[in-house]
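Structure, as structure tokens:
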Amino acid sequence: MSGNERTVRLTTAQALVKFLNQQYLNVDGKIEPFVEGVFGIFGHGNVLGLGEALFDNPGRLKVFQGHNEQGMASSAIAFSRESLRKKVYAVTASAGPGSANFVTAAGNAYVNNIPLLILPADTFASRQPDPVLQQIEPAMSSAVTTNDSLKAVSKYWDRIERPEQLMSALIKGFEVLTNPATTGPVTICLPQDTEAEAWDYPESFFKKRVYVVKRIAPSEYEMEKASEILKSSKKPVIILGGGAKYSEAGEAIKRFSSLCEVPIVETATGKSTISYNFRNNLGGVGVLGTSAANEAVDEADLIIAAGSRYTDFTTSSKTSFDPNKVKVINVNLSRIQALKLDGFPVVADIKSFFEKLLTVVTDYKSQYNNLSELKVKWNVERDRLSKTTFDVADFEPEIAGHYSHDKLIKYSQALDTKLTQTSALIAMNEHIEKDAVIVAAAGSLPGDVHRIWNPYGEYTYHMEYGYSMMGYEVPAALGIKLAKPDKEVYSLVGDGSFLMLHSELVTAIQYNKKINVVLFNNSGFHSINNLQMSHGQASFLTEFKTENNGILNIDYAKVAEGYGAVSYKVNTVAEFMRALDDAKKQQKSTLIEVRVLPKTMTHGYGKTWWHVGDPEVSPSEKIKEVFEDTKKHTKEAFKY
Numbered sequence: 001m002s003g004n005e006r007t008v009r010l011t012t013a014q015a016l017v018k019f020l021n022q023q024y025l026n027v028d029g030k031i032e033p034f035v036e037g038v039f040g041i042f043g044h045g046n047v048l049g050l051g052e053a054l055f056d057n058p059g060r061l062k063v064f065q066g067h068n069e070q071g072m073a074s075s076a077i078a079f080s081r082e083s084l085r086k087k088v089y090a091v092t093a094s095a096g097p098g099s100a101n102f103v104t105a106a107g108n109a110y111v112n113n114i115p116l117l118i119l120p121a122d123t124f125a126s127r128q129p130d131p132v133l134q135q136i137e138p139a140m141s142s143a144v145t146t147n148d149s150l151k152a153v154s155k156y157w158d159r160i161e162r163p164e165q166l167m168s169a170l171i172k173g174f175e176v177l178t179n180p181a182t183t184g185p186v187t188i189c190l191p192q193d194t195e196a197e198a199w200d201y202p203e204s205f206f207k208k209r210v211y212v213v214k215r216i217a218p219s220e221y222e223m224e225k226a227s228e229i230l231k232s233s234k235k236p237v238i239i240l241g242g243g244a245k246y247s248e249a250g251e252a253i254k255r256f257s258s259l260c261e262v263p264i265v266e267t268a269t270g271k272s273t274i275s276y277n278f279r280n281n282l283g284g285v286g287v288l289g290t291s292a293a294n295e296a297v298d299e300a301d302l303i304i305a306a307g308s309r310y311t312d313f314t315t316s317s318k319t320s321f322d323p324n325k326v327k328v329i330n331v332n333l334s335r336i337q338a339l340k341l342d343g344f345p346v347v348a349d350i351k352s353f354f355e356k357l358l359t360v361v362t363d364y365k366s367q368y369n370n371l372s373e374l375k376v377k378w379n380v381e382r383d384r385l386s387k388t389t390f391d392v393a394d395f396e397p398e399i400a401g402h403y404s405h406d407k408l409i410k411y412s413q414a415l416d417t418k419l420t421q422t423s424a425l426i427a428m429n430e431h432i433e434k435d436a437v438i439v440a441a442a443g444s445l446p447g448d449v450h451r452i453w454n455p456y457g458e459y460t461y462h463m464e465y466g467y468s469m470m471g472y473e474v475p476a477a478l479g480i481k482l483a484k485p486d487k488e489v490y491s492l493v494g495d496g497s498f499l500m501l502h503s504e505l506v507t508a509i510q511y512n513k514k515i516n517v518v519l520f521n522n523s524g525f526h527s528i529n530n531l532q533m534s535h536g537q538a539s540f541l542t543e544f545k546t547e548n549n550g551i552l553n554i555d556y557a558k559v560a561e562g563y564g565a566v567s568y569k570v571n572t573v574a575e576f577m578r579a580l581d582d583a584k585k586q587q588k589s590t591l592i593e594v595r596v597l598p599k600t601m602t603h604g605y606g607k608t609w610w611h612v613g614d615p616e617v618s619p620s621e622k623i624k625e626v627f628e629d630t631k632k633h634t635k636e637a638f639k640y
């Protein structure tokens with residue numbers, strides 16, 4: 001700062017707010033504000049500093065009161081994801097337990113590479129008083145506070161102990177937030193005394209800053225090598241990951257797929273980058289995938305991963321691809337991801353890569369001659385699943401899974417339903433608006449929708465399965481609604497996940513941001529119950545039971561009604577469709593409690609396997625058998 005530069009005297013908190021108002025993002029020549037607003041729960045440590053600054057002069061920032069720190073951070077994450085990482089909300093909370101509640105959501109943002117600005121209040125930089133209210137006071141160091149727990153789940157972390165430190169911290173933090181290759185949660189800790197201290201900030205610090213998102217083009221060598229690998233293959237498959245969605249590469253990939261007859265399979269995050277109506281889109285892949293996608297992968301001799309992290313559900317715990325048979329090309333902005341599975345790395349923007357690839361492989365055709373047959377076969381199976389029913393007089397063992405006939409009758413009577421989860425989901429998929437957005441995250445629903453939910457509109461499928469964070473679904477619906485206010489948004493959530501976190505339903509009602517919560521009630525954590533019982537174990541603490549072994553019967557519709565939502569309770573497909581129609585007409589948030597039987601979700605298709613920790617020692621013969629099967633799989637698993 002030169003001696004002649006004009007300054008403005010502001011508190012650290014006031015300078016922060018002023019700076020946030022001046023950050024812009026330039027994507028493909030379109031310049032827009034990057035920070036949309038702030039979610040806050042004010043308390044000890046942030047109410048008098050940042051709270052006063054946001055009240056006095058928020059500028060263009062929208063400020064919302066949250067009702068749970070993890071919840072409002074989840075709303076911010078979903079907003080950024082649905083905005084394709086072009087916009088963010090900041091989140092702030094009080095010192096101590098309030099800010100500690102950010103950790104889970106920050107892990108979600110970290111895993112999924114979503115920009116999230118976290119502004120936790122902190123103890124006094126002066127250390128007077130010491131300890132202050134809510135200070136953990138570890139013996140190892142007086143410099144450690146609750147907020148140090150956020151270091152492990154932040155792409156950039158800093159603590160502002162003097163007002164002038166704010167400048168370098170924000171510049172570095174926003175470089176991370178706006179860089180697609182490094183983006184994720186950025187934490188700027190705000191000691192409460194520093195928040196309120198003033199300094200003469202240079203006016204240049206508050207100038208309009210435009211961060212240009214450059215499309216990194218592949219090098220000549222990368223294109224030459226990738227096209228050589230492609231031309232030597234007979235049956236390549238494109239794995240459509242989340243990176244393809246954020247790159248907006250759908251059209252380029254469709255053109256390449258059509259030209260070269262290359263099938264497309266989807267990860268949980270990549271799904272809906274391309275509509276299911278596209279003829280070569282075979283749907284979700286892996287442990288939770290469709291028969292069409294998994295059969296195409298089984299035949300493949302080349303995998304082209306477009307922005308995939310290769311989670312175990314995508315690769316069937318690395319057993320889907322034999323390195324002796326299958327070559328791999330990884331297109332990713334992250335070098336770490338591009339090097340996975342010993343693949344050929346193309347460190348580049350995905351849209352740019354496929355646009356270039358189109359110019360060099362005009363004469364290439366894959367040798368797949370059965371793509372339409374694979375898709376038709378799967379569609380027939382999906383249609384069968386849409387008609388699955390449970391009737392006491394006509395029991396289907398396939399649906400029941402590991403429950404006895406008598407036990408399912410007990411659930412049917414307690415929940416007053418014979419409705420299956422698969423039939424309800426498919427009916428909803430075919431009934432709601434094609435441009436409506438659904439969100440899901442944990443339990444059995446992600447597996448079902450990955451297989452049987454067909455996105456008919458682009459960017460209409462929002463799945464958090466990188467962290468599989470229970471409690472994400474309801475607050476995420478609010479974030480999606482903020483990003484797409486003209487769309488109907490549906491949160492698909494199990495009763496177990498709903499109980500963990502649904503406080504931002506109140507926020508949606510409070511600010512009249514209409515969301516639709518579709519709650520599938522089967523009285524338990526039945527996805528994990530499936531895992532227990534399929535691996536030879538007894539059902540243990542995964543069903544919602546009363547002390548006398550009865551089935552817990554919660555009236556979730558009444559809970560939502562108490563909050564002020566319009567609520568419904570349904571136990572047949574016809575009732576469900578009527579409720580969806582009526583919910584669409586409502587001006588305020590709705591909750592539809594859909595009572596479904598446990599064990600009525602879809603099962604696996606193709607040669608898929610999921611590696612989990614089976615006990616090596618057990619008194620149970622069944623568990624011993626399962627362990628031997630796991631040992632066999634791990635020996636046979638292809639190693640990378």
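Numbering (full-length UniProt numbering), first residue to last: 1 to 640. Backbone N, C-alpha and C define an ideal beta-carbon position, used for all residues, glycine too.
Check: In the structure shown, what three-state DSSP assignment does T572 receive?
Finding: coil
Check: Roughly how many angstroms lie between the CA atoms of M601 and V617, to the nearest whole one?
Finding: 31 angstroms
Margin query: So, for Q14: in the same chain, excluding its five sequence neighbours on each side, which residues have a beta-carbon less than 6 angstroms away from its beta-carbon?
Written below: A53
Notebook entry, point to check: Going by the beta-carbon positions, is the gap between N101 and E137 smaller than 8 angstroms?
Noted result: Taking 8 angstroms as the Cβ cut-off, N101 and E137 do not qualify as a contacting pair.
Next item on the list: Go ahead and label Y556 buried or exposed: buried means 16 or more other beta carbons lie within 10 angstroms of its beta carbon, across all protein chains shown.
Entry: buried
Notebook entry, point to check: Roughly how far, in whole angstroms, is the beta-carbon of Y89 from the beta-carbon of A109, given that I think they are within contact range, below 8 angstroms?
Noted result: 11 angstroms between Cβ atoms; not a contact.
Checklist line | Anticipated Cβ contact below 8 angstroms, G66 with F39, distance rounded | finding: 5 angstroms
Item checked: Alpha-carbon spacing of A393 relative to I551, whole angstroms -> Because the pLDDT at A393 is just 49, under 50, the model does not fix this residue reliably, and the point stays unresolved.
Notebook entry, point to check: Measuring CA to CA, which of S232, M470, L415 is closest to N522?
Noted result: It is L415.
Checklist line | residue 644 - DSSP class collapsed to helix/strand/coil | finding: Any question about residue 644 goes unanswered here, given that the chain covers just 1 to 640.
Note to self: Tell me which residue opens and which closes the beta strand (DSSP E) that Y211 is part of.
What the structure shows: Looking at the DSSP string, the run of the beta strand (DSSP E) that includes Y211 is 209-213.
Notebook entry, point to check: What's the call for residue 677, buried or exposed, on a 16-neighbour Cβ count within 10 Å?
Noted result: Missing from the structure shown is residue 677; the chain here goes from 1 to 640 and no further.
Notebook entry, point to check: Using the rule of at least 16 other Cβ atoms within 10 Å of the residue's Cβ for burial, across every protein chain shown, is D200 buried or exposed?
Noted result: exposed
Margin query: Comparing C-alpha positions only, which one of Q367, E543, E224, A226 sits nearest to A300?
Written below: Q367
Notebook entry, point to check: Taking the Cβ atom as the reference point for each residue, do D118 and P163 lie within a distance shorter than 8 angstroms?
Noted result: Looking at the sequence provided, one finds Ile at residue 118 rather than Asp. No, the Cβ-Cβ distance between I118 and P163 is not below 8 angstroms.
Notebook entry, point to check: By how many angstroms is the C-alpha of T572 removed from the C-alpha of A292?
Noted result: 30 angstroms
Notebook entry, point to check: Would you call S534 buried or exposed, if buried means 16 or more other Cβ atoms sit within 10 Å of its Cβ?
Noted result: Label assigned to S534: exposed.
Next item on the list: Return helix, strand or coil for Y368, following the three-state DSSP convention.
Entry: coil
Notebook entry, point to check: Are the beta-carbon atoms of G270 and A296 separated by less than 8 angstroms?
Noted result: no
Margin query: I need the DSSP call for A565, collapsed to helix, strand or coil.
Written below: If DSSP states are grouped into helix, strand and coil, A565 belongs with coil.
Margin query: Just verifying my parser: in three-state terms, what is the DSSP assignment at V449?
Written below: When DSSP states are grouped into helix, strand and coil, V449 belongs to the helix group.
Check: Expressed to the nearest angstrom, what Euclidean distance is found between the alpha-carbon atoms of A125 and I171?
Finding: 21 angstroms
Note to self: Ignoring anything shorter than 3 residues, give me the beta strand (DSSP E) runs that lie fully in the segment 48-119, in order along the chain.
What the structure shows: Here the runs fully enclosed are 62-65, 88-93.
Note to self: Taking 8 angstroms as the cut-off, does the segment 354-372 touch the segment 259-275 (at least 3 CB pairs, one atom from each stretch)?
What the structure shows: Enough Cβ pairs lie closer than 8 angstroms, so yes.
Notebook entry, point to check: Buried or exposed: I399, going by 16 or more other Cβ atoms within 10 Å of its Cβ?
Noted result: Because I399 sits at a pLDDT of 49, beneath the cut-off of 50, its placement in the model cannot be relied upon, and the following sentence gives the value as read from the coordinates. Buried, by the Cβ-count rule.
Note to self: Closest to G106 by C-alpha separation, out of F55, Q23, A73, I229, would be which residue?
What the structure shows: The question names Gly, but residue 106 in the sequence shown is Ala. If we check each option's Cα against that of A106, A73 comes out closest.
Check: Using the C-alpha atoms, what's the distance from N179 back to Q537?
Finding: Rounded to the nearest angstrom, the two C-alpha atoms are 46 angstroms apart.
Next item on the list: Might you give, ordered along the chain, the residues of its own chain that have their beta carbon closer than 7 angstroms to the beta carbon of S272, omitting 5 neighbours on each side?
Entry: P455, E458, Y459, T460, Y461
Next item on the list: Quick one: give me the first and last residue of the alpha helix (DSSP H) that F256 is part of.
Entry: Where F256 is concerned, the enclosing alpha helix (DSSP H) stretches over 250-260.
Next item on the list: Entirely within the segment 429-473 and at least 4 residues each: give me those alpha helix (DSSP H) ranges in chain order.
Entry: Counting only runs of 4 or more, we get 445-452.
Checklist line | Separation of Y568 from M577, as counted between CA atoms | finding: 11 angstroms
Next item on the list: Go through its chain and collect everything with a Cβ distance to S539's Cβ below 7 angstroms, but skip five positions before and after it.
Entry: N529, Q532, M533
Next item on the list: Tell me where the beta strand (DSSP E) around R335 begins and ends.
Entry: Counting along the chain, R335 sits inside no beta strand (DSSP E); it lies in the alpha helix (DSSP H) bounded by residues 335-338.
Margin query: In the DSSP output, what is K327 paired with across the bridge?
Written below: L302
Next item on the list: Express the C-alpha separation of S149 and T104 in angstroms, rounding to a whole number.
Entry: Straight-line spacing of the CA atoms in T104 and S149 works out to 10 angstroms.
Next item on the list: Return the chain-ordered list of same chain residues with a C-beta closer than 7 angstroms to the C-beta of S334, the five sequence neighbours on each side being excluded.
Entry: A181
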